[in-house]
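Below is one structure, written out as structure tokens; comments come after it.
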Amino acid sequence: MHYQGDTKAGTLIGKDRYGNKYFENLEEELPLRTRWVDYKDAELDPSHIEPGWHAWISYMVDKPPTQDPILQTQVRPWELPDHRPNFTASRGAFKTYSTVKPKLTAWNTTAEPRT
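This is how it looks when you write it as structure tokens:
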């Protein structure tokens with residue numbers, strides 16, 4: 100439980116390679132609020148959710164990756180071996196830069212010494 104007073108009851112559906120646990124409660128009365136993830140770390144970083152589990156938790160598919168053979172792809176050859184966090188709004192964020200010469204140049208004053 101991440102917040103004080105946060106109580107949830109449901110069935111453990113599965114666990115991913117990062118250690119996150121995924122739950123479901125089909126007796127919940129609110130629609131689209133029946134699935135949730137319990138993150139392994141105290142950091143609530145949604146980039147730690149694998150693509151198959153992301154599809155399940157956002158109701159794109161009905162079966163979790165543990166039951167759907169299409170979503171059981173494991174680690175793909177192009178994936179990094181370790182998780183890399185999302186650097187948005189941090190010093191490590193990607194910043195674009197221009198390779199075009201500016202059209203305007205700043206005016207630099209030069210003061211000649213008086214004689």
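Residue numbers for the sequence shown follow this note's numbering, beginning at 100 and rising by one. Note that the Cβ used here is the ideal one computed from N, Cα and C, for glycine as well. Computed from a predicted structure; not experimentally measured.
Using the three-state DSSP reduction, which class does I63 fall into: helix, strand or coil?
Since the displayed the chain opens at 100 and closes at 214, residue 63 lies outside it and no answer follows.
Name the two residues that bound the continuous beta strand (DSSP E) containing T133.
Against the sequence shown, residue 133 aligns to sequence position 34. Unbroken run through T133: none, as it is neither H nor E.
For E149, which residues of its own chain have a beta-carbon under 6 Å away from its beta-carbon, when the five flanking residues on both sides are left out?
Residue 149 sits at position 50 when you count from the first residue of the sequence shown. Cβ neighbours of E149 beyond the five flanking positions: D115.
Give the range of the beta strand (DSSP E) segment to which K194 is assigned.
Here residue 194 is taken as the residue at index 95 of the sequence shown, counted from 1. Unbroken run through K194: none, as it is neither H nor E.
Can Y121 and H147 be called in contact, C-beta distance under 8 Å?
In the sequence shown, residue 121 corresponds to position 22, counting from 1. In the sequence shown, residue 147 corresponds to position 48, counting from 1. For Y121 and H147, no; Cβs fall outside 8 Å.
Could you please give the first and the last residue of the uninterrupted beta strand (DSSP E) stretch that includes K139?
Counted from its first residue, the sequence shown places residue 139 at position 40. Here K139 belongs to no beta strand (DSSP E), and DSSP marks it neither H nor E.
Given this structure, state the Cα-to-Cα distance separating A210 from E178, to the nearest angstrom.
Your numbering for residue 210 matches position 111 in the sequence shown. Your numbering for residue 178 matches position 79 in the sequence shown. If I take the Cα positions, the gap works out to 59 Å.
Exposed or buried, which one is W206 when buried takes at least 16 other CB atoms within 10 Å?
Here the question's residue 206 lines up with position 107 in the sequence shown. Exposed is the call here.
Buried or exposed: which applies to P201, given that a residue is buried once 16 or more other Cβ atoms fall within 10 Å of its Cβ?
To locate residue 201, count along the sequence shown from 1; it is residue 102. Classification of P201: exposed, given that the 10 Å Cβ count is below 16.
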